[in-house]
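**Student:**
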Amino acid sequence: MAITSHDVARLAGVSQPTVSRALRGDERVSAATREKVRQAARALDYVPSEAGRTLSTRATRRVGVIVTDLTNPFYPHVVAPLHDELSSLGYRMMLITERSDEAVAQETLLDQSMDGVVLATATTDSRLPAQLERRGMPHVFLNRDTGRAGDVASVVDNEGGGRLVARELVALGHRRVAGVFGAANTTTGRERELGFRLALAEAGVGLPAERVVRGAFEYDTGYRALSTLLDVREAPTAVFCGNDVVAIGVLNAALAAGVRVPEELTVVGFDDLPMAAWEVFRLTTVRHDLRELSRQAARLLVRRIAGDTGAEGRRVVLPTEFVPRATHARVP
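For what it's worth, this note's numbering labels the leading residue of the sequence shown as 16, then goes sequentially.
(1) Pairing CB atoms from the region 235 to 247 with CB atoms from the region 257 to 269, are three or more of them under 8 Å?
(2) Find out if the Cβ-Cβ distance for the pair L298, R340 is shorter than 8 Å.
(3) Got a sec, what are the start and stop residues for the alpha helix (DSSP H) V93 sits in?
(4) Per DSSP, which one or two residues make a beta bridge with A253?
(5) Do three or more CB pairs link the region 19 to 35 to the region 49 to 62 at distances below 8 Å?
(6) Going by Cα to Cα distance, which pick from A198, A181 and L241 is closest to G219?
(7) For T123, collect the residues of the same chain with a Cβ closer than 8 Å to its Cβ; drop the 5 residues on either side in sequence, then sort them by chain order.
(8) If you drop the 5 nearest sequence neighbours on each side, which residues of the same chain put their C-beta closer than 7 Å to that of K51?
(9) Rounded C-beta distance between P214 and R178? I'm assuming under 8 Å.
(10) Is it the case that the region 304 to 321 contacts the region 272 to 281, given that we only count it when at least three CB pairs across the two stretches are under 8 Å?
(11) Could you tell me which residues DSSP puts in a beta bridge with V338?
(12) Leaving out five residues before and five after P144 in sequence, what residues of the same chain have Cβ atoms less than 7 Å from its Cβ?
(13) Just to confirm the assignment, what range does the beta strand (DSSP E) spanning V80 have?
(14) Can you name the residues that DSSP bridges to S169?
(15) Hey, would you say V295 sits closer than 8 Å to H343, going by beta carbons?
(16) Give me the residue from G322, G176 and V132 with the minimum Cα distance to M109.
(17) Check each candidate in L187, R159 and V23 and name the one with the smallest Cα separation from A199.
(18) I'd like to confirm the pairing. Which residues does DSSP put opposite R107 in its beta bridges?
(19) Look up L59 in the DSSP assignment and say whether it is helix, strand or coil.
(20) Under the DSSP definition of a beta bridge, which residues are partnered with R229?
(21) Does the region 76 to 91 touch the region 41 to 50, meaning 3 or more C-beta pairs lie closer than 8 Å?
(22) For the candidate residues A271, L270, L104 and R226, whose alpha-carbon lies nearest to that of T252?
(23) Measuring straight from C-alpha to C-alpha, what distance separates T112 and T201?
(24) Have a look at A164, Q54, S103 and N173 and flag the residue whose alpha-carbon is nearest the alpha-carbon of E336.
(25) Which value, in whole angstroms, describes the spacing of the CA atoms of R310 and R329?
(26) Counting C-beta neighbours from all protein chains within 10 Å, is the total for R163 16 or more, i.e. buried, or is it exposed?
(27) Exposed or buried, what is V34 when buried is set at 16 or more other beta-carbons lying within 10 Å of its beta-carbon?
(28) Cutting at 8 Å between CB atoms, please list the residues of its own chain near G322, excluding the five before and the five after it.
(29) From V23 to Q31, what does the alpha carbon distance come to, in whole angstroms?
(30) Could you check whether G165 and G210 sit closer than 8 Å to each other, using their CB atoms as the reference points?
(31) Beta carbon of T300, beta carbon of H189: below 8 Å?
(32) Just how far apart, CA to CA, sit G221 and R212?
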């Protein structure tokens with residue numbers, strides 16, 4: 016016969032509701048009683064029923080993480096620490112990997128099966144955040160958001176990072192610069208481009224349309240972009256890429272085209288993924304704390320689940336720093 020919470024209650028000498036509250040860590044139960052209940056549960060090898068707990072508390076202790084681009088090497092580096100932080104806060108993580116927000120929006124997984132959602136690949140035109148809001152589903156943005164006022168998010172100082180790159184390139188004497196930016200409907204793409212453009216303009220350096228390419232944050236975007244940039248009337252001496260994955264695509268295309276990096280072409284990325292430091296790349300890039308980005312998102316969501324909807328602490332913006340390696344040099 017299966018051990019029940021009533022058996023634990025009899026052994027501990029308390030009521031069954033007290034067992035349920037004690038095993039949830041409810042602070043209305045004294046520390047001594049909580050410990051007595053835990054000892055009784057261990058003695059009986061009792062495992063609380065998650066289904067029963069959900070019915071009694073209306074909490075599943077599950078969080079959904081929506082990623083629509085798992086092929087991008089960026090996301091494993093934020094999903095793993097997100098999982099660890101949620102686990103430390105008492106939540107289980109469910110990874111949802113539909114190809115689009117529209118597909119996710121139709122999933123019954125979001126109907127009372129989880130307590131909150133982390134949106135890791137949101138776009139500025141995404142309809143899912145509004146749908147979650149209407150359902151009363153707590154949610155936060157990780158890495159990028161919709162760009163609307165009120166988004167609860169853990170993000171990076173993308174504009175500041177773009178400015179860092181532009182100033183470094185100008186200091187190295189580059190005037191014919193190019194940008195391979197992210198998609199126009201992503202805040203990371205927009206903000207990194209904006210910071211880059213603003214700092215170039217302050218230095219009197221232009222960024223003409225023929226030296227700008229936009230696309231998905233993926234290897235192929237960078238690889239294809241370089242041939243386009245090399246065909247313009249005045250080919251660039253430096254390329255700022257929307258992320259490290261795009262930059263690695265540019266590096267490979269340069270190798271295939273016989274363009275020497277950094278002697279003939281400076282290439283700079285963004286994010287400082289672990290692979291950026293590999294000896295085969297030694298990519299000059301912009302660094303931010305990937306693990307802290309995820310940890311902050313987890314903490315923000317747990318506060319939202321607990322009912323904290325105050326304006327203070329709704330947005331965490333992590334700083335950036337320029338990381339010089341082997342793919343940048345003074346203008347040839």
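Note that CB positions come from ideal geometry on N, CA and C, so glycine has one too.
**Tutor:** This is what the structure gives:
(1) With a cut-off of 8 Å, the region 257 to 269 and the region 235 to 247 count as touching, because enough Cβ pairs lie within range.
(2) Yes; because the gap between Cβ atoms is below 8 Å, this pair is in contact.
(3) Counting along the chain, the alpha helix (DSSP H) containing V93 begins and ends at P91 to S103.
(4) A253 is bridged to V192 and T281.
(5) Yes, they touch.
(6) Nearest of A198, A181 and L241 to G219, Cα basis: A181.
(7) Confidence is the limiting factor: at T123 the pLDDT is only 45, short of 50, which leaves the residue's position unreliable and the question unanswerable from this model.
(8) Excluding residues within five positions, the ones whose Cβ falls inside 7 Å are A27.
(9) Checking the sequence shown, residue 214 turns out to be Ala, not Pro. Rounded to the nearest angstrom, the Cβ distance from A214 to R178 is 4 Å, consistent with a contact under 8 Å.
(10) The region 272 to 281 makes no contact with the region 304 to 321; the number of CB pairs closer than 8 Å stays below 3.
(11) As DSSP reads the structure, V338 sits in a beta bridge with T300.
(12) Counting only Cβ-Cβ distances below 7 Å, and skipping sequence neighbours, we find L134, A137, H154 and T161.
(13) Residues R77 to I81.
(14) Beta-bridge pairing by DSSP links S169 to L157 and V331.
(15) Not in contact: V295 and H343 (Cβ atoms no closer than 8 Å).
(16) Checking every option, the nearest Cα to that of M109 belongs to V132.
(17) Distance from the Cα of A199 is smallest, within the candidate group L187, R159 and V23, for R159.
(18) In DSSP, R107 forms a bridge with R77.
(19) L59 falls in the coil class under three-state DSSP.
(20) In the DSSP output, where bridge partners are listed per residue, R229 has F196.
(21) Contact between the region 41 to 50 and the region 76 to 91 is absent, because fewer than three Cβ pairs lie under 8 Å.
(22) Ranked by Cα distance from T252, the options A271, L270, L104 and R226 are led by R226.
(23) T112 and T201: Cα-Cα distance of roughly 18 Å.
(24) Ranked by Cα distance from E336, the first of A164, Q54, S103 and N173 is N173.
(25) Spanning the alpha carbons of R310 and R329 requires a straight line of approximately 14 Å.
(26) The C-beta of R163 has fewer than 16 other C-beta atoms within 10 Å across all chains shown, which makes the residue exposed.
(27) It counts as buried.
(28) Once the five neighbours on either side are set aside, G322 has no close Cβ partner at all.
(29) Roughly 8 Å between the two C-alpha positions.
(30) Taking a C-beta distance under 8 Å as the contact criterion, G210 and G165 do not qualify as a contact pair.
(31) Contact flag unset, no.
(32) Rounded to the nearest angstrom, the two C-alpha atoms are 8 Å apart.
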